[in-house]
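Below is one structure; the comments refer to it alone.
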Amino acid sequence: MYMYAERKQWPLDTIEVRLTYRWRDEAGEIERVLTLGGLDAAQRARCEEIAEKTPVTRALKRGIAITTVLR
0 MYMYAERKQW
10 PLDTIEVRLT
20 YRWRDEAGEI
30 ERVLTLGGLD
40 AAQRARCEEI
50 AEKTPVTRAL
60 KRGIAITTVL
70 R
């Protein structure tokens, strides 16, 4: 997010990400709250779009297998 804002020369001065994981209706759910300081409404909306396209977000939304290996 910082890199994107820097490239666009946006005045992003702070980022706070808060995640909450909980079970709802037999499925896990993650709530992500982004707090972005120094941006206007349009810039904040664009950052929200970008957050939805991160590799981690995409993997979690698709479902991802977790393999545990003991050594």
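FYI, the numbering for the sequence shown is 0 to 70, going by numbering that gives the first Met the number 0. Ideal placement from N, C-alpha and C gives every residue a C-beta, glycine not left out. Note that the structure is predicted; figures quoted are calculated from it, not measured.
| Asked | Found |
| --- | --- |
| Whole angstroms are fine: how far does the CA of Thr-56 sit from the CA of Tyr-20? | 14 Å |
| To which residues does DSSP link Gly-27 through a beta bridge? | Trp-22 |
| Is the separation between the beta-carbon of Leu-11 and that of Val-32 shorter than 9 Å? | no |
| Less than 8 Å between the CB atoms is what I'm expecting for Tyr-1 and Ile-14, so what's the real figure, rounded? | 7 Å |
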